[in-house]
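Reading through the structure tokens given below for one structure.
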Amino acid sequence: MISFFPASRALVPPRSRVSVGVSRFFRRIGWEHLPTVFAAVLIIALIVIAVTVPWWAPYDPVAIVGRRLQAPSWQHWLGTDALGRDVMVRTLYGTRYSLPIVAAVLLAAVVIGVFVGAVAGFLGGFVDNALMRVADVTLAFPPVLLAMAIAASLGPGLVNTALALIIVWWPIYARLMRAQVMSVNKLDHVDAAIVGGVRPARLLLKHIMPLCWSPIFVNATMDVGQVILVAAGLSFIGLSAQPPTPEWGQMISEGASNFYFWWIAFGPGMAIFLVSLSANFLGDALRDFIDPHSGHAA
Amino acid sequence: MKVIVRRVLVMPFLLLGIVTATFILAQFTKGNPLVSIIGARALNNPEIVAAAKARWGLDRSVPERYVIYLWNLAHGDLGTSFRTKQPVLTDLAQRLPPTLELVICAMIVGTLGGIGLAVVSAEFRNTAADHIARFVALVGSCFPVFWLGLIALFLFSVQTKLLPGAGRLDIRAVAPPQVTGFLLIDTLLARNWSGFVDAFRHLILPSLVLGWSVMGIVARMVRASLLDVLSQDYITMARAKGAGRLRVLLHHALANALIPALTILGFTFAYLITGSVLVETIFSWPGVGSYAVEAARGLDYPAIAGVTILGGLGFLLANLLTDLAYVVVDPRMRAPG
Chain U
2 MISFFPASRA LVPPRSRVSV GVSRFFRRIG WEHLPTVFAA VLIIALIVIA
52 VTVPWWAPYD PVAIVGRRLQ APSWQHWLGT DALGRDVMVR TLYGTRYSLP
102 IVAAVLLAAV VIGVFVGAVA GFLGGFVDNA LMRVADVTLA FPPVLLAMAI
152 AASLGPGLVN TALALIIVWW PIYARLMRAQ VMSVNKLDHV DAAIVGGVRP
202 ARLLLKHIMP LCWSPIFVNA TMDVGQVILV AAGLSFIGLS AQPPTPEWGQ
252 MISEGASNFY FWWIAFGPGM AIFLVSLSAN FLGDALRDFI DPHSGHAA
Chain Z
1338 MKVIVRRVLV MPFLLLGIVT ATFILAQFTK GNPLVSIIGA RALNNPEIVA
1388 AAKARWGLDR SVPERYVIYL WNLAHGDLGT SFRTKQPVLT DLAQRLPPTL
1438 ELVICAMIVG TLGGIGLAVV SAEFRNTAAD HIARFVALVG SCFPVFWLGL
1488 IALFLFSVQT KLLPGAGRLD IRAVAPPQVT GFLLIDTLLA RNWSGFVDAF
1538 RHLILPSLVL GWSVMGIVAR MVRASLLDVL SQDYITMARA KGAGRLRVLL
1588 HHALANALIP ALTILGFTFA YLITGSVLVE TIFSWPGVGS YAVEAARGLD
1638 YPAIAGVTIL GGLGFLLANL LTDLAYVVVD PRMRAPG
């Protein structure tokens, strides 16, 4: 990775100055990391907000705090919505719905997908065929339609949306993991371990799986953006969180029905955009870090 | 070639899987479909309930229903919508052309825009132009389309009145006689020029919004593959022979770079379906997407199942087309074995 300021890096011994300003910080690590740092700071900030917001938010997210449909002002930074609730506070509270959903969906999808993929890739044969056909059928649906069908049949709600998204997302990880396991399985050290008498379970867990994680991590980071977009989309069309929950997609749909008052949808829309953008930046950075060769070419 | 034959052979099984999965999902439906069929009031009247159950086949056992469902599907009967009381197939046939028109326009916007951005960023690699082009592409795929649609309507239709708002035609306009269902073609067939312009102007915003959302993925793939191609020997050769920068880029490199990027055809389709559901809702577009949303809100399960099956079928076809496109474009794929 080439720094924009190779000379300054070489001339100044790292300890000789105490770096304070932002530009000094970036001069040291290289300006090309600006998006990564931005993304990391933003995500950490959102997590902190999600945990602490009830302690310092000036208003209650579902309480009516003033005249309805007020434009942004010092008192209500992002204005008030059709019922007179503070949009800024509701947006901040939205982190408490969107972030856990993304985390839960990806965690479950990765766990299920990795388990299924590893078993399928390792055992091969009939088990592999059966498991992968199930994955194929799931992947044969356009994700949103399947999620809609599931959400509609389970009934609207946040938990059911999460379930629907898990069902939609696990096959992607199953396929990734299966491919990884199959390619690692061909390596010499695996043969050596087999000759050494390692039992299958241990072989898979200790000799094969540790080499399989990196694409899973990169993919999961990138998928944060996709999951948040689809989850918000489902709640926008009314299949997820119900009013008065301050969930971002739900808030945008309230903005859509009060079309002329742009600020109602601005906060949640921007929040979704920023999370998804950050996820992309972090995913790119993670891929560059794990596999420097693919980095700037891809 | 073998791969494709196998894909085609697998398709019926995948379809059966899709249908079965949809059927299984329908069995989990929590909301009582009778409520939307006969209304909550009539639920207390056992006679009406029994009659409705018999009428809609809800009194049969699950395996029986599955066999009947498959039998009907094989005859092109997707069931009857609880809400519109019309055959789902009729509903879908009505709703498909608007969606196709929108999705095709968005695909043109998305692929051309994405390729354009990719060419700029590959030619000026690691310069400001590259960063800007990549950022523009990325922003499109990170924006929630439903919010982008709202912003676009607000800015271009409400504030500046440059473009018309929601819908496919002006409310006062008379729709042309339906031939293909594509308004752009139907208005031309009817020699209705003002209608054509009107339909076109209504298409601009939704297809730009939807197209921008897939630009990112197109640009990313094409850029990577362009950079790969640009580093090959024959490009150096072309340059050495004195071909201009633009000619090397567009004539020599781009055609080859687009081959690996063909996967985008199948890929973007999934994104476009996702997007069209949301964009159609925003723009009151009378397509399959908004039909799906209405169905999902009204627990109209036959309709949802119909849309899901149609989407699955479309997805399969898109992937098949991608494979075929490879064979057409890349002679190496035609080699036997």
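These protein sequence lines map, in sequence, to chains U and Z. Just so we're aligned: 107 in the numbering used here is position 106 of the first sequence, and the numbers increase by one with no gaps anywhere. Just so we're aligned: 1524 in the numbering used here is position 187 of the second sequence, and the numbers increase by one with no gaps anywhere. Yeah, the Cβ is synthetic: ideal placement off N, Cα and C, and Gly gets one too. No experiment lies behind these values; they were computed from the predicted model shown.
If contacts are defined as beta-carbon pairs under 8 angstroms, then residue i and residue j qualify, I think. What distance do you get, rounded to the angstrom?
i	j	result
L1636/Z	T1366/Z	7 angstroms
L1609/Z	V1440/Z	5 angstroms
A148/U	V231/U	7 angstroms
S279/U	I44/U	5 angstroms
P172/U	L146/U	Not confirmed; about 15 angstroms, so no contact.
I253/U	F1483/Z	6 angstroms
V1425/Z	G1643/Z	4 angstroms
L1602/Z	A1662/Z	6 angstroms
R1505/Z	H1539/Z	5 angstroms
P216/U	L177/U	6 angstroms
A1556/Z	G1451/Z	4 angstroms
T1421/Z	D1428/Z	6 angstroms
Pull up the distance between the alpha-carbon of residue i and that of residue j, whole angstroms please.
i	j	result
G80/U	R86/U	8 angstroms
T1359/Z	L1654/Z	18 angstroms
A119/U	L205/U	8 angstroms
M2/U	F116/U	Residue confidence is low: M2/U scores 41 on pLDDT, short of 50, so the model does not pin down where it sits. No coordinate-derived value is stated.
A175/U	F123/U	12 angstroms
S1478/Z	L100/U	19 angstroms
S24/U	E33/U	12 angstroms
I30/U	A1592/Z	38 angstroms
L287/U	G1416/Z	48 angstroms
V1516/Z	L1567/Z	46 angstroms
P1501/Z	G270/U	23 angstroms
P245/U	N161/U	17 angstroms
P144/U	V1534/Z	34 angstroms
A72/U	D82/U	9 angstroms
R1344/Z	S1627/Z	31 angstroms
N1463/Z	W264/U	36 angstroms
V228/U	N1381/Z	42 angstroms
A1411/Z	F1350/Z	14 angstroms
R91/U	P247/U	5 angstroms
V1399/Z	R134/U	23 angstroms
I1469/Z	G1453/Z	13 angstroms
A8/U	G22/U	Note that A8/U scores 46 on pLDDT, short of 50, meaning its location in the model is unreliable; the coordinates nonetheless yield the value given after this. Each residue's Cα considered, the two are about 19 angstroms apart.
G284/U	T222/U	5 angstroms
W249/U	L164/U	18 angstroms
M183/U	A1561/Z	26 angstroms
V1551/Z	A1443/Z	9 angstroms
G296/U	F290/U	Below a pLDDT of 50, predicted positions are generally treated as unreliable, and G296/U, at 45, falls in that range; the measurement from the model is reported next regardless. In a straight line, the C-alpha of G296/U is about 8 angstroms away from that of F290/U.
A299/U	W56/U	Only weak support exists for where A299/U lies, its pLDDT of 37 falling under 50; the value from the coordinates is given anyway. A299/U and W56/U: Cα-Cα distance of roughly 44 angstroms.
V138/U	G1447/Z	27 angstroms
K1578/Z	V1476/Z	39 angstroms
R1671/Z	L1545/Z	36 angstroms
E1617/Z	P1623/Z	7 angstroms
Which chain U residues sit within Cβ distance under 9 angstroms of residue i?
i	result
P1481/Z	I229, L230, A233, G234, F237, W249, G250, I253, P269, G270, I273, F274, S277
W1393/Z	By Cβ distance, chain U contributes nothing, its closest Cβ being about 17 angstroms from W1393/Z, past 9 angstroms.
F1365/Z	I151, S154, L155
L1351/Z	R134, D137, V138, A141
Could you work out which residues of chain U lie near residue i, taking near to mean beta carbons separated by less than 8 angstroms?
i	result
F1620/Z	Result: empty, since nearest Cβ-Cβ is about 11 angstroms, beyond 8 angstroms.
L1475/Z	L278, N281
Report the neighbours of residue i on chain U: residues whose CB is nearer than 7 angstroms to its CB, in chain order.
i	result
I1355/Z	V138, A141, F142
F1461/Z	What F1461/Z touches in chain U: nothing, since even the nearest Cβ is about 14 angstroms away.
A1455/Z	Correct list: empty, because the minimum Cβ distance to chain U is about 12 angstroms.
For a contact meaning CB atoms closer than 7 angstroms, what does residue i contact in chain B?
i	result
L1362/Z	You won't find chain B in this structure, because its protein chains are U and Z.
Run through chain Z and tell me which residues come within less than 8 angstroms of residue i, C-beta to C-beta.
i	result
L240/U	A1633, R1634
In chain Z, which residues lie with their C-beta within 9 angstroms of the C-beta of residue i?
i	result
Y261/U	F1491, V1495
Any beta strand (DSSP E) of 3 or more consecutive residues that is wholly inside the stretch 1587–1671 of chain Z = none
query = Closer than 8 angstroms, Cβ to any Cβ of chain U: which residues of the stretch 1593–1625 of chain Z, in chain order?
reply = F1606, A1607, I1610, T1611, V1614, L1615, T1618, I1619
ask   = Using Cβ-Cβ distances below 8 angstroms, what residues of the stretch 1624–1654 of chain Z are close to chain U?
value = A1629, V1630, A1632, A1633, R1634, L1636, Y1638, I1641, A1642, V1644, T1645, G1648, G1649, G1651, F1652, L1653
query = Counting only runs that start and end within the stretch 18–85 of chain U, where is the alpha helix (DSSP H) found for 4 or more residues in a row?
reply = Counting only runs of 4 or more, we get 23–30, 35–57.
key: Positions along the stretch 161–176 of chain U whose CB lies within less than 8 angstroms of some CB in chain Z   = In summary, no residue of the stretch 161–176 of chain U has a CB separated from any CB of chain Z by less than 8 angstroms.
task = Mind checking the stretch 1545–1564 of chain Z against chain U and listing, in chain order, the residues whose C-beta falls within less than 7 angstroms of any C-beta there?
result = Hits within the stretch, in order: A1561, L1564.
query = In the stretch 122–163 of chain U, which residue ranges form an unbroken alpha helix (DSSP H) of at least 4 residues, counting only runs that do not cross its ends?
reply = 126–140, 144–155, all fully within the stretch 122–163 of chain U.
query = Can you list, in chain order, the stretches of the alpha helix (DSSP H) that have 4 or more residues and sit fully within the stretch 1513–1592 of chain Z?
reply = 1520–1526, 1530–1567, 1570–1577
task = Using a Cβ-Cβ cut-off of less than 8 angstroms, give me the residues of the stretch 1487–1498 of chain Z that come near chain U, in sequence order.
result = L1487, I1488, L1490, F1491, V1495
task = For the stretch 1424–1497 of chain Z, list the alpha helix (DSSP H) runs that are entirely contained and at least 4 residues long, ordered along the chain.
result = Here the runs fully enclosed are 1425–1460, 1465–1479, 1482–1489.
inquiry  = Going residue by residue through the stretch 252–298 of chain U, where are the continuous alpha helix (DSSP H) segments of at least 4 residues, counting only ones entirely within it?
reply    = 264–291
query = Using Cβ-Cβ distances below 8 angstroms, what residues of the stretch 21–45 of chain U are close to chain Z?
reply = none
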